[in-house]
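J.: Sharing a structure, written as structure tokens. Questions coming.
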Amino acid sequence: MNQPAPDLSPKVSDEIRKTTCYMCACRCGINVHMKGGKVAYIEGNRDHPVNKGVLCAKGSAGIMQHLSPARLRAPLKRVGPRGSGEFEEISWDEALRIATDWLGPLREKAPEKLAFFTGRDQSQSFTGWWAQAFGTPNWAAHGGFCSVNMAAAGIYTMGGAFWEFGQPDWERTKLFLIFGVAEDHDSNPIKMGLGRLKERGARVIGINPIRSGYNAVADDWVGITPGTDGLFILSLAHELLRAGKIDLGYLIRYTNAPYLVCAHEGPEKGLFLRDADGKPLVRDRRSGQAVAWDTPDIAPDLANGVEIGGVTHLPVFRHLADRYLSEDYAPDNVADRCGVPAARIRAIAAEIARVAFEEEITLDQPWTDFRGVKHDKMVGRPVAMHAMRGVSAHSNGFQTCRALHMLQILIGSIETPGGFRFKPPYPKPPEAHPRPHAGYAPGQPLDGPHLGYPLGPEHLLIDDAGQPKRIDKAFSWEAPLSAHGMMHMVISNAHAGDPYEIDTLFLYMANMAWNSSMNTSKVMEMLTDTTEDGSYRIPRIIYSDAYSSEMVAFADLVLPDTTYLERHDCISLLDRPICEAEALADSIRWPVVAPDRDVRPFQSVLLDLGARLKLPGMVKDDGTPKFSDYADYITHHERRPGVGPLAGFRGNGDGKGRGAPNPDQIARYIENGGFWIDHIPEEAQFYKPWNACYQDWAVARGLYDGPQPYLFNLWSETLRKFQLAAEGHGHRQPPDHLRARLIETMDPLPIWYPTFTDAATDPAEYPLHALTQRPMAHYHSWGSQNAWLRQIHGHTPLYVSGDIWAEQGFTEGDWATLTSPNGRITLPVVRMDAINARTVWTWNAIAKRRGAWALDSRAPEAEKSSLLNHLIHELLPTKGDGLRWANSDPVTGQAAWYDLRVKIEKAPEGQNVSYPAHPSQASPVPKAPQDMALKVKV
Amino acid sequence: MTSLPEKTDKKLGLVIDLDTCVGCHACVISCKGWNTENYGAPLADLDAYGASPEGTFLNRVHSFEVAREDATPMVVHFPKSCLHCDDAPCVTVCPTGASYKRVEDGIVLVNESDCIGCGLCAWACPYGAREMDGAEKVMKKCTLCVDRIYNENLPEEDREPACVRTCPAGARHFGDLSDPESDVSQLVAARGGIDLMPEQGTKPVNKYLPPRARDALDIPDLASMCEPQTDKAKGFLGWLDRTLEKL
Amino acid sequence: MHPAPSLILFTVLSGAGFGLLVWLGLGLRAPTGFAAFILFGLGYGLAGAGLIAAAFHLGHPERALKAFTQWRSSWLSREAVLAAATLAVMAPHAASSVFAATPLPVFGWLGAVLALVTIFATAMIYAQIKAVPRWHHWSTPPVFLFAALAGGAALAGQAMLALWLMLGLAVAMIVHWMAGDAQFASAGSTTGTATGLGKLGSVRLLEPPHSGQNYLLREMVHVVGRKHATKLRLIALGAGAVLPALLLLFPAGYMVIALALIAHIFGMLAQRWLFFAEAEHVVGLYYGKR
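Below you can see the structure in the form of structure tokens.
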């Protein structure tokens, strides 16, 4: 038959440039196909450790982000009132002069009056270094409203958590439990992992109020009530303990389960009994004596304590067993609260036990532990877990995350084959992290890194009067372990002058006037609020972003950033690395095309600004700039001698982890596909915290400066120290109003308590929980400027259960009004039955303010969309004590987004535009083109 | 030629695993990217930044909810593109011969230079696999990346459709469904792959693997069968003592 | 299906034109000279206008000639070939009638048969489409044939013939509607078969693939309210067939025929609008639109 003969081998591109994606936080490797010097097509890089060739919708749509009509074109100076979006374009010279004129005097007089916070940038070790040189204590990134509960609970419990810290052993696990996930966190690796599990027929259990995404493919779905995951997890622990399905050998060898807990009343109560050298004591079953935990040839006891002076000091495990064997945690007693039938809890516990202990994995791989004991094989319990913001973003999130880590430890699955595996540079216990610093003085750099892990009240950042030193009140009694800072409190606190007023708010890539703030409408008022003399309450706002976001309209000075294809970046081991469980890895971005606008990469601008301000480390002795741009910094900066932003190709090019700066380093990365990878020796791939071979390897690579084996903290002395302070011990004392809360929430063993909102809400008035989910095809607010992605998710329907649908008499096309104590929104409703019956949800960050993102003002993102943010306050309802109580986790300060409770009503007939409808902002970029049909013609 | 070939040498097609698809839309966009830059006219987006954007996509992911008796409802993400039917009604209705089914591999294609944009093929397709491009006014459809799978400018491992290459969960498989020994045929046999709308008589080449049984975890109370159960905390301590002795 | 004005106009006008040509070809009326000019002109004009209207439906009308190539498999191609053949074959008959006052019956008869088959081919374009169960039924061609022949007969001034054909049309429409209403169910396509998930339970669309608009939805998913449809059916039946038939009972006169024709065309436009708008494409099952 005569059929057409299409060209089956067309030329694909002139050249492939391999760099790193920035369409979300995953940092996949991408092949950017170039035609005629233009970006033509983007696909995943097969060699890349993160994505191994695959790429998500966002990644493949990168070309449309790169060409977004919302890209800013030049520096902007505000000419209209704040929030109006009225600007004039100015030169970089002028922009940098303005910034220098504002910041220079500030540094000399009161450096703390600069609050510098960054959003989803991936250069936090750099921006933190800059802020430290400037001397302000007020720097952090967005972790405080993201997942600090997960991260901090992981570090304090076992030296790492999920995502960048570690991953399930996808190749071996046989049972995988996934709790409340944000689907942009580690998204491609999780999807790839789920695919591997599905290939092998492994069981996936999803615990999430909503059965979408990963939960849709889960073999079993637990439609849990929001905020009760901790109770559910502790009930699983109850069942496992009751059945004796726990790994006692593991607990004895690798955790502080045998440590004896002091029972003497007084300032030592609840801390470990220690010998004269400060070594914790355990009871040796053979001698019945309390001996140092690392005494050779002892049999540590888990059941019995020692009696000293008439007081019995019990081991940690005994405390643990006593607590969780309590009937309070019996499935029958938690079922209603969790919205999960007791039989289902029992079945899941039984399945965990069955797989962990009857499907044990053994690898014929000898290894030696830190005690010098040789093992001839690696034994694994093939049960793995993963969790993210769903369990994290609650006011009981820290303890819930602790409970989850404890559950994995009880069955002995952490760092064993088939379980959860750390990714270097983790594991890293709190002791191995820095302490937080806030020592500032005029004209001086800060006395140390901003963020870190306090080990007790002595590390809090408070002044002699107990007042927070940081504007966000991180590391204060209100949030002692706020390891990522509390960005969500900055604007509110700065506006209230609590704990003090600031001068300049400097933000990067954080849409704080919209979807990245709680209480969005009020935040916009705070940003525009004036004092009696008519000046702005927050006097100056500098903002850097690549796109015309909502936040841009509120800045006085806008420093336009480039797109991710036009810039250098390093995905650094000093920061948020891309390592795998079996390899050390980092990567770069490099300008695969030059910007066609008068924009500059923010990090280079920051270095320029730093040099103009003569910040230490940014100028040479003669006062000239030390680094020509960010690439120069990436190559030549050393954090410690021989350790810089990039670990690969150091020195003469062979240096791994350590080595002198290599001027050709970036070229070598480009040659290598944009990344560097170094595999961990086979012997070192499991049991990392205790594996002598791993510890030595990590030292050689510059991850540690000496071996640092440690035991997991089932019992956290750090938490107990805060409780002791609250009980009146020690010289640093919390304010009285926080004592009871500290005692309740800083329990050294995982606990569950109702979220603060649940505890304070009348369930009759606000009967429903409301959640947002991030669509897999969008990242924060970015997706809506993307012509391809916005067609997939262009509006935010409210998904309600069949029960609510029937109760409210909804029909297709109806709208609902959702009300919380803080406000109301209206949205179109859609029925969804695969959902916790008392939960409603919508998509996160799709809604846009009119005029932003170069969208038409009638765009569905503005007309048929809203943010739950309008319903969520950054503070709890007032308690009549005149205090501002943050709507945050009391331990870490994590924003409690998911605590929200609401009521629902059918919106009045004829509703067809969402409420609240904020007035349009003027667009600083030209009108977007009408139609798009791009094909790069060569 | 719009007559269907009597027989094709191969039946290249996709096998889509509904048990594994998480509904991430990766395939949708990777398809959009490749096919905008390659075969025929670019895939246009009208009113791209406006109130009612409407673009051409050759692959879209729907989501369905399945209500079950005595079980929790399921959600199934459902990617859909051209099924490259053996008995493709879209081909025979074409008045110009622009639509055709390739003899060598069974891929259904549109020769755009012959397409008058009448839209009849889109009507004839029960699956909604064809979309008229809003700018070029020619019919667009999945080409099974015919310009990738034989492309000598691509490394061997990349000679597969863009959607398959990009799928993070590995829910999409590509191969020859006429060869019973091929991986895809084996997968279809093992997992009970099905045709969509068999009653339409189109004999689709693409197959769908149905979701595995959900929420079937049914294990009795493990604790009641285990030792420490005997007497709550006291029993537990006894067990603990004995077990520690053995360690 | 989207009731595209171009297609509604095309099927109604060209149908009537070819219907007229059938009767002119058969010599049921054998005008000559100016009358022939008017009548053949009308036939050619309507058929041509319909074809032009149809061309508006094309994305690339400049390539329309390619549509003549696939007559072996495609009803649309057949229609094009047949329409062109009809007009070509009928031309000597028409020209001779106009200019030489001499009908050429061989060409006329052949042309008439071709015109009839053209109308049938038009109907088959729709009737062949299995994915639109309402159309995919034997009752579709009779509606097109009766409509064309009745309109053509009226145009040709054949009142009595037109009257009977109008009654035939009424019956054809009723049968088509009644059969059509049951067609979707009997075709057996459900959201369950469309997704293959029917065995697991009852399947319902949760989220469409895109929140944005698309070609398929605009082109193939059109929901008509039941009340609205009933009203339009009554208009189609009343104005398109019953009223013309009643009018044609009156003694023939241009006025009566003209009125009957106007009513008929109006009714046919309503019928054709409904023909599209009421026709549900099975693709709607993937969009929760059924």
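Chains as they are written, first to last, in this note's numbering: chain A, 485 to 1422; chain B, 649 to 895; chain C, 93 to 382.
For glycine and all other residues, C-beta sits at the position ideal for the given N, C-alpha and C.
Using the Cα positions of G1377 of chain A and A887 of chain A, report the straight-line distance between them to the nearest angstrom.
T.: G1377 of chain A and A887 of chain A: Cα-Cα distance of roughly 18 angstroms.
J.: Which complete alpha helix (DSSP H) runs does the region 1004 to 1042 of chain A hold, if anything under 4 residues is left out?
T.: Segments of the alpha helix (DSSP H) lying fully in the region 1004 to 1042 of chain A: 1004 to 1012.
J.: With a threshold of 8 angstroms, are at least 3 pairs of Cβ atoms found where one atom belongs to the region 1028 to 1036 of chain A and the other to the region 988 to 1007 of chain A?
T.: Counting Cβ pairs under 8 angstroms, three or more are found: they touch.
J.: Give the single residue among C:K381, C:G380, C:E372 whose Cα lies nearest to the Cα of P225 of chain C.
T.: When each option's Cα is compared against that of P225 of chain C, the closest is C:E372.
J.: Who are the Cβ neighbours of C793 of chain B in its own chain at under 6 angstroms, not counting the five residues just before and after it?
T.: So the qualifying residues of the chain are P809, A810.
J.: Under the three-state reduction of DSSP, which class applies to P721 of chain B: helix, strand or coil?
T.: Three-state DSSP puts P721 of chain B in a strand.
J.: Just to confirm the assignment, what range does the beta strand (DSSP E) spanning Y748 of chain B have?
T.: That run of the beta strand (DSSP E) goes 747 to 749.
J.: Give me the chain B residues within the contact set of E311 of chain C, using Cβ-Cβ distance strictly less than 7 angstroms, ordered along the chain.
T.: What E311 of chain C touches in chain B: G767, A770.
J.: Quick check on F102 of chain C: buried or exposed, where buried means 16 or more other Cβ atoms within 10 Å of its Cβ?
T.: Result: buried.
J.: Can you list the residues of chain B that R1081 of chain A reaches, using a CB-CB cut of under 7 angstroms?
T.: Result: empty, since nearest Cβ-Cβ is about 18 angstroms, beyond 7 angstroms.
J.: Hey, how far is the Cα of A826 of chain A from the Cα of R865 of chain A?
T.: Distance between the alpha carbons of A826 of chain A and R865 of chain A: 25 angstroms.
J.: Which whole-angstrom value describes the C-beta separation of F212 of chain C and P233 of chain C, a residue pair presumed to lie in contact below a C-beta threshold of 8 angstroms?
T.: Going by Cβ atoms, the distance from F212 of chain C to P233 of chain C rounds to 6 angstroms, so yes, they are a contact pair.
J.: Strictly under 7 angstroms for the Cβ-Cβ distance: is S303 of chain C near chain A by that measure?
T.: It does; some Cβ of chain A falls within 7 angstroms.
J.: H968 of chain A to F663 of chain A, Cα distance in whole Å?
T.: The straight-line gap from Cα to Cα measures roughly 22 angstroms.
J.: Which first and last residues belong to the beta strand (DSSP E) in which H710 of chain B is found?
T.: Its beta strand (DSSP E) spans residues 707 to 716.
J.: Note down the Cα distance separating C1054 of chain A from P153 of chain C, rounded to an integer number of angstroms.
T.: Roughly 54 angstroms between the two C-alpha positions.
J.: Since G728 of chain A and C874 of chain B should fall inside the 8 angstroms C-beta cutoff, what is the C-beta to C-beta distance between them, to a whole number of angstroms?
T.: Confirmed, about 5 angstroms.
J.: Could you check where the alpha helix (DSSP H) with G137 of chain C kicks off and where it finishes?
T.: Its alpha helix (DSSP H) spans residues 125 to 148.
J.: Under three-state DSSP, which class holds H797 of chain A?
T.: DSSP places H797 of chain A in strand when its eight states are reduced to three.
J.: Using CA atoms only, rank isn't needed, just tell me which of C:S294, C:G243, C:G376 is closest to D718 of chain B.
T.: The candidate whose alpha carbon is nearest that of D718 of chain B is C:S294.
J.: So the candidates are A:H517, A:C512, A:D1070; which of them puts its Cα closest to the Cα of I674 of chain A?
T.: For the residues A:H517, A:C512, A:D1070, the minimum Cα distance to I674 of chain A belongs to A:C512.
J.: From the beta carbon of D704 of chain A, is the nearest beta carbon of chain B less than 7 angstroms away?
T.: Taking Cβ atoms only, chain B reaches closer than 7 angstroms to D704 of chain A, which makes this a yes.
J.: Is A819 of chain B helix, strand or coil when you go by DSSP?
T.: A819 of chain B falls in the coil class under three-state DSSP.
J.: Assign L895 of chain B to one of two classes, buried (16 or more other C-beta atoms within 10 Å of its C-beta) or exposed (fewer than that).
T.: It counts as exposed.
J.: Helix, strand or coil: how does DSSP classify C630 of chain A here?
T.: Coil, per DSSP.
J.: Could you please give the first and the last residue of the uninterrupted beta strand (DSSP E) stretch that includes I1055 of chain A?
T.: It spans 1053 to 1055 - the beta strand (DSSP E) in which I1055 of chain A sits, taken as one unbroken run.
J.: Based on DSSP bridge pairs, tell me the residues matched to L428 of chain C.
T.: Residue numbering for chain C in the displayed model covers 93 to 382; residue 428 of chain C lies beyond these limits and cannot be assessed.
J.: Identify every run of the beta strand (DSSP E) within the region 621 to 693 of chain A, keeping only runs that are complete inside it and at least 3 residues long; order them along the chain.
T.: Whole beta strand (DSSP E) segments, 3+ residues: 650 to 652, 659 to 663, 687 to 691.
J.: Is there a C-beta anywhere in chain C that falls below 7 angstroms from the one on P774 of chain B?
T.: Output row for P774 of chain B: interface = yes.
J.: Checking contacts by CB at 7 angstroms: is H1433 of chain A closer than that to chain C?
T.: Nothing about residue 1433 of chain A can be read from this structure; chain A reaches only from 485 to 1422.
J.: Just to make sure I have the definition right: I need the residues of chain A whose C-beta is within less than 8 angstroms of the C-beta of L308 of chain C. Which are they?
T.: By Cβ distance, chain A contributes nothing, its closest Cβ being about 13 angstroms from L308 of chain C, past 8 angstroms.
J.: Check whether the Cβ atoms of A1261 of chain A and A541 of chain A lie closer than 7 angstroms to each other.
T.: It is a contact, given that the beta carbons lie within the stated cut-off.
J.: Measure the CB-CB distance between G1158 of chain A and K502 of chain A and report whether it falls below 7 angstroms.
T.: Yes, the Cβ-Cβ distance between G1158 of chain A and K502 of chain A is below 7 angstroms.
J.: What in chain A is Cβ-close to L292 of chain C, meaning under 9 angstroms?
T.: Those within 9 angstroms of L292 of chain C in chain A number zero; the least Cβ separation is about 13 angstroms.
J.: Would you report the Cα separation of E1358 of chain A and N1136 of chain A, rounded to the nearest angstrom?
T.: Approximately 51 angstroms between the Cα atoms of the pair.
J.: List the DSSP bridge partners of T744 of chain B.
T.: None; T744 of chain B has no bridge partner.
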